[in-house]
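A.B. asks: Quick one: the structure is below, and I'll ask about it shortly.
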Amino acid sequence: MTPDALIAAAVAWRDQDPDAETRDELDAIITDARADRATALDELRDRFGSRLVFGTAGLRGVLGAGPNRMNRVLVGQAAAGLAAFLRARETMPSIVIGYDGRKNSAIFARDTAEIMAGAGVRTMLMPRHLPTPVLAFAVRHLSTSAGVMVTASHNPASDNGYKVYLGGMDHGAQIVPPSDAAIAADIDLVAQTAVLGDIPRSTGYLTCDENLVEAYIAETAEAGAAHAPVSFVYSAMHGVGWETAHRVFVAAGFGEPGRVDAQLEPDPAFPTVAFPNPEEPGALDLTLAKAKQLAADVAIVNDPDADRLAVAVPGPEGEWRRLSGNEVGMLLGWRIAERMQNLDVDHGTFAASIVSSPALAQVARKFNIDYADTLTGFKWISRVGDLAFGYEEALGYLVDPEKVRDKDGISAAVAFLSLVSELKSMGKTVDDHLLEFAERFGAYASGQISIRVTELSEITSVMAALRVAPPRKVGALTVDAVDDFSGGFAGFAPTDMLRIHLGDSARVIVRPSGTEPKLKIYLDAWSVEGSGAKRQEAARATIKALDAGMRKLVTT
3 MTPDALIAAA VAWRDQDPDA ETRDELDAII TDARADRATA LDELRDRFGS RLVFGTAGLR
63 GVLGAGPNRM NRVLVGQAAA GLAAFLRARE TMPSIVIGYD GRKNSAIFAR DTAEIMAGAG
123 VRTMLMPRHL PTPVLAFAVR HLSTSAGVMV TASHNPASDN GYKVYLGGMD HGAQIVPPSD
183 AAIAADIDLV AQTAVLGDIP RSTGYLTCDE NLVEAYIAET AEAGAAHAPV SFVYSAMHGV
243 GWETAHRVFV AAGFGEPGRV DAQLEPDPAF PTVAFPNPEE PGALDLTLAK AKQLAADVAI
303 VNDPDADRLA VAVPGPEGEW RRLSGNEVGM LLGWRIAERM QNLDVDHGTF AASIVSSPAL
363 AQVARKFNID YADTLTGFKW ISRVGDLAFG YEEALGYLVD PEKVRDKDGI SAAVAFLSLV
423 SELKSMGKTV DDHLLEFAER FGAYASGQIS IRVTELSEIT SVMAALRVAP PRKVGALTVD
483 AVDDFSGGFA GFAPTDMLRI HLGDSARVIV RPSGTEPKLK IYLDAWSVEG SGAKRQEAAR
543 ATIKALDAGM RKLVTT
């Protein structure tokens, strides 16, 4: 766009924006752009040269003015477009809307409720900020046509997002193609033809009552039970998990946790963490300090919208470590497999994202349970037929698919606390159980390299270089084969991902992050030789070698 066209687009956007903060923000940029200041024109190009893409993760981006930011105009267009999609899909559509504690989440949710009601969609708004799993539960519990959760999950404080679920034949799962493209087309049509102030609104929507939250708590508490008293610490990571999780823990018989008070209540600034993501270095520091102080058995952390779960345990020397998502996933899978066997359940499927450890597939084989790999994201895992358990290595777990068709960090916490309680009743620790896993199924170790970039072109360049000249070795390990998923592979839809096979004991997967400006590299190794301890040692050594080798490959 020319400078004049950029300024005209910005003025048109400002004039329909109901938010004084983003209007003032844009006014200042327009004034500087009219003075022909290059930085202001560059800022307008960034904000108006494109718009946030509505895809299978819905919308997610930095708060601010313009179509390439999260704001009330963009959300209003999204709500009107989604309403049009639902009305074309059903004669009497319905929707339930939830929101977390981030900046503008409640405002975006109410805007959505008013626009949905104005479009003739039967609309229900959650009574207050609540975890994402409660919204996902509500879509199924209330049998609505769709659900919207306003959240950016574990993204930085500057972000917000808009996640869409579909009911009916989609069973309350997140959107996938072709629905995402159809919704995006309806949103684009609204953006091209309507001014926000002209979109019909109504306050004739319902507010969900406490019975909905009580039903979630009661059903989630059934995911586990206390077999022996467990001392545990909990953090909500400045998010919305505490109130609901606390009530679930008490209902399940686990009592009161030690609290990380500084992180317990919602705070959109996330003041004690650089990134509100339990996987990030330093994010668990306060939790681990509290757990060590209390000599707890286990530490439980939810991310800000409580759909993810991080677990930390004490080691033999008293030092604490966070379990990897794969370790938690394979232990929960083993627990569920044993229960299926004990109950003589003769059906069910385990599933994990393709970047997760092969350990769950091995558990499924040993117990004669069907298994499926999926593309990354719970929108795929939750759609696996006859699902009994699913997880992804990024701390997402689905232990009760009949209740929720998305990852749920609260029900997973209850299930893991139950496992710790069972082990404690037998005089065992989680580390003892991991050793038993290695002895029964083989030792599986994993690692991850996340390279944050300022320009997405950096990721594109790395992926292109790996395709043009695939590595022959990663460190000292010889590459046997490279699977390129960009054109579709082994029944998977096309996606930007490479899988590198290294003999019969290791693999590496490389892909761009779907939610953040990161290149993600997943390392997996396994061993079935020797004792359980020897297997663990061998798998960990391979991961260390893979880490060094891949860092050298992608940074030189």
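Per this note's numbering, the sequence shown starts with residue 3, numbered consecutively. For every residue, glycine included, the Cβ atom is placed at its ideal position computed from N, Cα and C. All of these numbers come straight from a predicted model, not from anything done at the bench.
Please state the DSSP three-state secondary structure of residue 124.
C.D. replies: Correct three-state label for residue 124: strand.
A.B. asks: What does the alpha-carbon distance come out to for the pair residue 197 and residue 116?
C.D. replies: If you take the alpha carbons of residue 197 and residue 116, they lie about 16 Å apart.
A.B. asks: Which whole-angstrom value describes the C-beta separation of residue 237 and residue 265, a residue pair presumed to lie in contact below a C-beta threshold of 8 Å?
C.D. replies: Sure, about 5 Å apart at Cβ, within 8 Å.
A.B. asks: For residue 426, I'd like the list of residues in its chain whose CB is within less than 7 Å of its CB, leaving aside the five on either flank, ordered along the chain.
C.D. replies: Excluding residues within five positions, the ones whose Cβ falls inside 7 Å are 230, 232 and 299.
A.B. asks: Keeping to the same chain, check which residues put their C-beta closer than 6 Å to that of residue 60; ignore five residues upstream and five downstream.
C.D. replies: Excluding residues within five positions, the ones whose Cβ falls inside 6 Å are 164, 165 and 166.
A.B. asks: Does DSSP put residue 162 in a helix, in a strand, or in coil?
C.D. replies: Three-state result, residue 162: strand.
A.B. asks: Pick out the complete beta strand (DSSP E) segments inside the region 494 to 540, 3 residues or longer, and give them in chain order.
C.D. replies: Here the runs fully enclosed are 500 to 504, 508 to 514 and 520 to 529.
A.B. asks: To which residues does DSSP link residue 449 through a beta bridge?
C.D. replies: DSSP output for residue 449 lists 525 as bridge partner(s).
A.B. asks: According to the neighbour-count rule (16 or more other Cβ atoms, all chains shown, within 10 Å of its Cβ), is residue 79 buried or exposed?
C.D. replies: Residue 79 comes out buried.
A.B. asks: Just to confirm my understanding: we take residue 25, look at its own chain, exclude 5 residues before and 5 after, and list those with CB closer than 8 Å. What are they?
C.D. replies: Hits under 8 Å: 16, 19 and 67.
A.B. asks: Using 8 Å as the Cβ pair cut-off and three pairs as the minimum, do the region 115 to 134 and the region 202 to 220 touch?
C.D. replies: With a cut-off of 8 Å, the region 202 to 220 and the region 115 to 134 count as touching, because enough Cβ pairs lie within range.
A.B. asks: Is there contact between the region 84 to 99 and the region 261 to 279, where contact requires at least three CB pairs shorter than 8 Å?
C.D. replies: No, they do not touch.
A.B. asks: Applying the 10 Å Cβ sphere with the 16-neighbour rule, what's the burial state of residue 342?
C.D. replies: With 16 or more Cβ atoms within 10 Å of its Cβ, residue 342 is classed as buried.
A.B. asks: Just to confirm my understanding: we take residue 107, look at its own chain, exclude 5 residues before and 5 after, and list those with CB closer than 6 Å. What are they?
C.D. replies: If we look at residue 107 and ignore the five residues flanking it on each side, its Cβ neighbours are 101 and 152.
A.B. asks: Within the chosen definition, does the region 362 to 373 reach the region 332 to 341 through at least 3 CB pairs nearer than 8 Å?
C.D. replies: Because the criterion of three Cβ pairs below 8 Å is met, the region 362 to 373 and the region 332 to 341 touch.
A.B. asks: Going by DSSP, what residues sit across from residue 99 in a beta bridge?
C.D. replies: Looking at the DSSP assignment, residue 99 forms a beta bridge with 127 and 150.
A.B. asks: Quick one: give me the first and last residue of the alpha helix (DSSP H) that residue 135 is part of.
C.D. replies: Segment 134 to 143, the alpha helix (DSSP H) holding residue 135.
A.B. asks: Is residue 20 helix, strand or coil when you go by DSSP?
C.D. replies: In this structure, residue 20 counts as coil in the three-state DSSP scheme.
A.B. asks: My guess is that residue 390 and residue 352 are in contact by the Cβ rule of under 8 Å, so how many angstroms apart are they, rounded?
C.D. replies: Contact holds; Cβ gap of about 6 Å.
A.B. asks: Between the region 497 to 511 and the region 404 to 415, can you find at least three pairs of beta-carbon atoms closer than 8 Å?
C.D. replies: Too few Cβ pairs lie closer than 8 Å, so no.
A.B. asks: Name the two residues that bound the continuous alpha helix (DSSP H) containing residue 444.
C.D. replies: No alpha helix (DSSP H) contains residue 444, which DSSP labels as neither H nor E.
A.B. asks: Answer yes if the region 129 to 139 comes into contact with the region 308 to 321, meaning at least three C-beta pairs across the two stretches below 8 Å, and no otherwise.
C.D. replies: Result yes; three or more Cβ-Cβ pairs closer than 8 Å.
A.B. asks: Counting Cβ pairs closer than 8 Å, one from the region 432 to 443 and one from the region 236 to 251, do we hit at least three?
C.D. replies: Because the criterion of three Cβ pairs below 8 Å is not met, the region 432 to 443 and the region 236 to 251 do not touch.
A.B. asks: Roughly how many whole angstroms lie between the Cα atoms of residue 304 and residue 326?
C.D. replies: If I take the Cα positions, the gap works out to 14 Å.
A.B. asks: Give the DSSP-derived three-state secondary structure of residue 234 in the structure shown.
C.D. replies: Note: residue 234 maps to strand in three-state DSSP.
A.B. asks: Alpha carbons only, please: which of 510, 92 and 302 is nearest the one belonging to residue 421?
C.D. replies: When each option's Cα is compared against that of residue 421, the closest is 302.
A.B. asks: In three-state DSSP terms, what is residue 202?
C.D. replies: It is coil, neither helix nor strand.
A.B. asks: For residue 321, count the other beta carbons within 10 Å of its own beta carbon; 16 or more makes it buried, fewer makes it exposed. Which is it?
C.D. replies: Counting Cβ neighbours within 10 Å, residue 321 comes out exposed, since fewer than 16 surround it.
A.B. asks: Expressed to the nearest angstrom, what Euclidean distance is found between the alpha-carbon atoms of residue 465 and residue 522?
C.D. replies: Rounded to the nearest angstrom, the two C-alpha atoms are 11 Å apart.
A.B. asks: Helix, strand or coil: which one does DSSP assign to residue 406?
C.D. replies: If DSSP states are grouped into helix, strand and coil, residue 406 belongs with coil.
A.B. asks: With 16 other CB atoms within 10 Å as the buried threshold, where does residue 241 fall?
C.D. replies: That one is buried.
A.B. asks: Take residue 535 and list the residues in its own chain whose beta-carbon comes closer than 7 Å to its own, dropping the five residues that flank it on each side.
C.D. replies: Only 437 meet the Cβ criterion.
A.B. asks: So residue 302 is in the beta strand (DSSP E); what residue range does that whole segment cover?
C.D. replies: Start and end: 300 to 304.
A.B. asks: Is it the case that the Cβ atoms of residue 226 and residue 254 are separated by a distance below 7 Å?
C.D. replies: In contact: residue 226 and residue 254 (Cβ atoms closer than 7 Å).
A.B. asks: Look at the alpha carbon of residue 223 and the alpha carbon of residue 405, and state the distance between them as a whole number of angstroms.
C.D. replies: Rounded to the nearest angstrom, the two C-alpha atoms are 12 Å apart.
A.B. asks: Could you name the residues of the same chain whose beta carbon sits closer than 7 Å to that of residue 199, not counting the 5 residues immediately before and after it, in chain order?
C.D. replies: Result list for residue 199: 18, in chain order.
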